[in-house]
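J.:
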Amino acid sequence: MASTLAPPAAGALPSMASVGWWTETAVDLSSPLHPFAAASEQDPELWWQASLEVLLVLRERLDKHSIRSIAVDGTSATLLLADPAGRPLTPALMYNDSRSRAELPRIAAVAPASSPVHSASSSLAKLLHLQRKIGDQPFLALHQADWILGRLCGRFGISDANNCLKLGFDPQTREWPEWLERLDVPFDALPQVRQPGEIAGRLSDDTAQATGIPGCCRLVSGTTDSNAATLAAGASEIGDAVTSLGSTLVLKILSERPVSAPEYGVYSHRLGDHWLVGGASNSGGAVCAAHFSQEQMGQLSEALNFAQPTGLDYYPLLQPGERFPLNDPEKPAHLSPRPEQDLRFFQGFWRASPASRWRDMRCCSAWGLLHQSGSSRSVVVPPINPGWRFASSNWGYR
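Heads up: the sequence shown at position 292 corresponds to 292 in full-length UniProt numbering, and the numbers run straight through without jumps.
#1: DSSP state of Gln42, grouped into three classes?
#2: With a threshold of 6 Å on Cβ separation, who are the neighbours of Ser356 within its own chain once the five nearest residues in sequence on each side are excluded?
#3: Would you mind listing the beta strand (DSSP E) stretches within the region 129–178 that are 3+ residues and don't spill past its ends, in chain order?
#4: Any idea if Ile134 is buried or exposed, counting beta-carbon neighbours within 10 angstroms, 16 or more meaning buried?
#5: When the Cα atoms are used, what is the spatial distance from Glu178 to Phe187?
#6: Can you give the beta carbon distance from Cys217 to Ser51, rounded, assuming they're within the 8 Å contact cut?
#7: Assuming Arg106 is part of the beta strand (DSSP E), what are its boundary residues?
#8: Pick from Val117, Pro214, Ala125: whose alpha carbon is nearest that of Glu103?
#9: Indicate whether Pro116 and Tyr264 have their beta-carbon atoms separated by less than 8 Å.
#10: How long is the line joining the alpha carbons of Gly20 and Ser336, rounded to whole angstroms?
#11: Is the beta carbon of Pro138 less than 8 Å from the beta carbon of Pro84?
#12: Thinking just about the alpha-carbon of each residue, which of Leu300, Gly278, Val277, Gly279 is nearest to the one in Cys288?
#13: Under 7 Å Cβ to Cβ from Ala303, same chain only, skipping five residues before and after it: list those, please.
#14: Tell whether a beta-carbon distance below 8 Å holds between Gly74 and Thr224.
#15: Determine, using beta-carbon pairs with one atom in the region 195–215 and one in the region 247–263, whether at least three such pairs fall under 8 Å.
#16: Give the straight-line distance between the Cα atoms of Leu245 and Gly285, rounded to the nearest whole angstrom.
#17: Go ahead and label Ile107 buried or exposed: buried means 16 or more other beta carbons lie within 10 angstroms of its beta carbon, across all protein chains shown.
#18: Return helix, strand or coil for Lys252, following the three-state DSSP convention.
#19: Select from Pro262, Arg155, Leu190, Thr173 the residue whose C-alpha is nearest the C-alpha of Cys164.
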């Protein structure tokens with residue numbers, strides 16, 4: 001799997017990174033726009049410009065003939081509608097955009113209770129919401145990774161089973177379920193689904209000319225950003241658990257069997273013959289970045305002292321709504337009182353995220369469900385930030 005997927009070009013926010021066997025690079029992207037509460041969107045063209053930039057840097061750092069395959073990972077449930085030629089018909093609604101809440105009763109009427117589509121931020125809810133905006137125009141539903149893959153190969157409408165999970169794809173039967181027809185979702189608008197690592201095409205002549213990478217370079221099906229992080233951390237044995245901090249706070253466990261509990265935000269991605277079971281909390285790095293600059297976080301991290309209680313009981317969220325360990329679209333943020341000392345406020349963030357998750361998981365079934373997946377050990381990733389070391393240890397995986 002690792003050799004098939006490497007070197008991967010990883011699309012993530014607010015930056016795009018590309019990692020080769022011997023080199024890596026990253027490009028900053030403009031932050032998503034928030035035109036109103038519950039909305040988060042971005043122009044897909046920014047992704048493409050960043051993709052070209054990282055590929056050009058890689059080509060200069062590596063022998064261009066050594067780049068034999070490219071895979072794209074992208075933020076889960078980031079979706080846009082495009083015409084059959086891949087031209088965007090809508091903005092891309094980001095992973096945390098929850099404006100599609102009105103579609104949930106329609107979904108609940110037809111989708112199995114165990115499906116991970118029962119969330120206002122799911123790809124399926126976004127598709128139904130955006131479908132109303134474009135009328136009868138023919139369209140393709142494309143995730144972030146799907147659209148970038150289409151630009152690379154010049155052919156749109158191909159995706160991977162992991163990105164399609166929240167669009168309704170059934171990872172056990174490996175088919176689009178018939179109940180989607182009752183939502184008036186045209187099947188020709190849904191992607192052709194590949195398993196992660198399967199060949200998806202080759203670099204188009206235009207992309208080869210723009211990047212200098214040979215056109216014989218294979219494009220292989222990718223995965224979601226948190227799944228890519230789990231693989232990159234070295235999870236390879238049943239029971240391996242990985243926590244990753246990006247915009248969200250994610251826990252993944254490699255399991256022999258799937259576990260699904262949408263009410264707790266627990267779902268399972270298929271990877272070969274195994275499953276990645278877990279969930280993602282909205283209380284992650286994006287909240288901290290909204291209050292502190294990178295420079296501030298670096299300075300304050302040096303002074304963190306977790307032996308000293310803060311007396312603060314925060315639940316950090318950018319906007320109302322939580323996904324894991326309780327799926328609660330109305331969950332309010334709690335970031336008051338704001339102490340005068342920046343250090344105490346910063347430490348309150350790090351204490352609150354894991355502590356809040358831990359309390360919730362102990363009082364609901366999410367924790368037990370994850371242990372049902374067979375978790376027995378964890379992958380240790382060297383932490384960059386002392387706060388993250390504290391956060392990950394409080395999940396119960398060290």
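Cβ atoms here follow ideal geometry from the backbone N, Cα and C, with glycine treated the same way.
T.: From the atom records:
#1: strand
#2: In this predicted model, Ser356 has a pLDDT of only 47, less than 50, meaning its place in the structure is not dependable; the value taken from the coordinates is given anyway. Closer than 6 Å at the Cβ level, and outside the excluded window around Ser356, lie Tyr315.
#3: 140–143, 158–160
#4: exposed
#5: If I take the Cα positions, the gap works out to 10 Å.
#6: With 8 Å as the limit, Cys217 and Ser51 do not qualify as a contact, their Cβ atoms being about 14 Å apart.
#7: That residue, Arg106, is in no beta strand (DSSP E); its alpha helix (DSSP H) goes 104–110.
#8: Ala125
#9: At a Cβ-Cβ threshold of 8 Å, Pro116 and Tyr264 do not count as neighbours.
#10: Model confidence at Gly20 stands at a pLDDT of 48, short of 50, so the residue's coordinates are unreliable and nothing is read from them.
#11: yes
#12: Leu300
#13: Excluding five sequence positions before and after Ala303, the CB atoms of its chain that fall closer than 7 Å to its own CB belong to Leu343, given in chain order.
#14: yes
#15: Contact fails: fewer than three Cβ-Cβ distances are below 8 Å.
#16: 6 Å
#17: buried
#18: DSSP places Lys252 in strand when its eight states are reduced to three.
#19: Leu190
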